[in-house]
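Student: Numbering (our numbering), first residue to last: 6 to 254.
Backbone N, C-alpha and C define an ideal beta-carbon position, used for all residues, glycine too.
These numbers were taken from a predicted model, which means no experiment stands behind them.
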Ligand code: ADP
Ligand code: MG
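(1) For residue 54 versus residue 175, is the C-beta distance shorter than 8 angstroms?
(2) Relative to the C-alpha of residue 246, which candidate in 36, 29, 45 and 170 has its C-alpha closest?
(3) Three or more C-beta pairs under 8 angstroms: does that hold for the stretch 58-67 against the stretch 188-203?
(4) Are residue 167 and residue 193 close, meaning C-beta to C-beta below 8 angstroms?
(5) Decide if residue 199 is buried, meaning its Cβ has at least 16 other Cβ atoms within 10 Å, or exposed.
(6) In chain order, which beta strand (DSSP E) runs of at least 3 residues are fully inside the stretch 49-123?
(7) Is it the case that the Cβ atoms of residue 106 and residue 129 are separated by a distance below 8 angstroms?
(8) State the beta-bridge partners of residue 42 as determined by DSSP.
(9) Can you tell me whether residue 232 is helix, strand or coil according to DSSP?
(10) Specify which residues have a beta carbon nearer than 7 angstroms to any heavy atom of the ligand MG, listing them in chain order.
(11) In the structure shown, what three-state DSSP assignment does residue 3 receive?
(12) With hydrogens ignored, establish whether the beta-carbon of residue 21 is closer than 7 angstroms to any heavy atom of the ligand ADP.
(13) Taking the alpha-carbon of residue 123 as reference, which of 30, 116 and 131 has the nearest alpha-carbon?
(14) With DSSP as the reference, label residue 138 as helix, strand or coil.
(15) Applying the 10 Å Cβ sphere with the 16-neighbour rule, what's the burial state of residue 97?
(16) Residue 22: which of 14, 133 and 63 sits nearest, CA to CA?
(17) Tell me the start and end of each unbroken beta strand (DSSP E) in the stretch 173-218 that is at least 3 residues and wholly inside, in chain order.
(18) Would you say residue 44 touches the ligand ADP, meaning its beta carbon is less than 7 angstroms from a heavy atom?
(19) Using DSSP with H/G/I as helix, E/B as strand and the rest coil, what is residue 152?
(20) Compute the beta-carbon to beta-carbon distance between residue 42 and residue 164, rounded to the nearest angstrom, for a pair I have assumed lies under 8 angstroms.
In structure tokens:
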């Protein structure tokens, strides 16, 4: 079956200040696919996530990014989000004075989704139940005093509530214990089932991948994609590490 193209990255190079971090990246992600990006620390994985979502710190110096048939590399971050992109941060920030519940509700409203308060609260509670988050968290300031695992779950909660068409999860599984990892994988599966969502999962931890069906795995070394294959590449990395690809550079 021919799948519908969702995201296309063509010959993309990205710099922070004067330093080129990503070199000539090519990548195609179709609707409903799950892609995994692995690579050593500092390889540029988060940089690619930020470049996709349009963080202005990361300048596209050449190449193109297409999303749903539209060229987006000149669009600001919020417009890409309105088009259906979502990025879960490696290090989620705390927002004092804004509760988790009101944060998600206003994000929904910005996307033109207005739910009555009772209906919203019910949906939020149901989704928090899936992720095993205590309902008291809804009325706590976003990420303030949350443990590492709770912050990551709060990110997945936002994804499930916002229902993006493309979600980039940057190390969403780091710092999670075994049970939390399972819960987060369940949440991710729920997202996939709900709307044929596409995923770009940046991770070091292959445990989360055991519960997900992965279509493609990419390896990044020193700002370049050096290998793309199917899910079996994950086992190869587990057994042999990244050194084999670093030598090829
Ligand atoms: P990864 O996510 O694969 O660990 P990053 O994308 O975070 O890698 O980093 C890639 C490279 O870009 C590293 O050399 C890092 O030091 C550099 N880098 C990342 N963010 C910044 C920043 N805000 N300012 C300067 N350099 C940065
Ligand atoms: Mg990173």
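Tutor: Let me spell this out:
(1) Looking up residue 54 in the chain shown gives position 49. Looking up residue 175 in the chain shown gives position 170. Yes; because the gap between Cβ atoms is below 8 angstroms, this pair is in contact.
(2) Numbered from its first residue, the chain shown carries residue 246 at position 241. Comparing Cα-Cα distances from residue 246 to each of 36, 29, 45 and 170, the minimum goes to 45.
(3) no
(4) Here residue 167 refers to the residue found at position 162 when the chain shown is read from its first residue. Here residue 193 refers to the residue found at position 188 when the chain shown is read from its first residue. No, these two residues do not count as a Cβ contact at 8 angstroms.
(5) Here residue 199 refers to the residue found at position 194 when the chain shown is read from its first residue. With fewer than 16 other Cβ atoms within 10 Å, it is exposed.
(6) 64-72, 90-93 and 100-104
(7) Within the chain shown, the letter at position 101 stands for residue 106. Within the chain shown, the letter at position 124 stands for residue 129. In this structure, residue 129 lies closer than 8 angstroms to residue 106 by Cβ.
(8) Here residue 42 refers to the residue found at position 37 of the chain shown. DSSP, once it has assigned bridges, lists 207 and 223 as partnering residue 42.
(9) Within the chain shown, numbered from 1, the residue matching residue 232 stands at position 227. It is a strand residue.
(10) 50, 51, 95, 175, 176 and 207
(11) For the chain, the structure presents residues 6 to 254; residue 3 sits outside this window and is missing.
(12) Mapped onto the chain shown, residue 21 falls at position 16. Yes, the beta carbon of residue 21 sits closer than 7 angstroms to at least one heavy atom of the ligand ADP.
(13) Counted from its first residue, the chain shown places residue 123 at position 118. Residue 123 has its Cα closest to that of 131, out of 30, 116 and 131.
(14) For the purposes of this step, residue 138 is taken as residue 133 along the chain shown, with counting starting at 1. DSSP places residue 138 in coil when its eight states are reduced to three.
(15) Mapped onto the chain shown, residue 97 falls at position 92. Residue 97 comes out buried.
(16) For the purposes of this step, residue 22 is taken as residue 17 along the chain shown, with counting starting at 1. Answer by Cα proximity: 63.
(17) 203-207
(18) Taking the first residue of the chain shown as 1, we reach residue 44 at position 39. Flag set: Cβ of residue 44 near the ligand ADP.
(19) As a position in the chain shown, residue 152 is number 147, starting the count at 1. Reduced to three states, the DSSP call for residue 152 is coil.
(20) Along the chain shown, one-based indexing puts residue 42 at 37. Along the chain shown, one-based indexing puts residue 164 at 159. With a Cβ gap of about 17 angstroms, residue 42 and residue 164 do not count as contacting.
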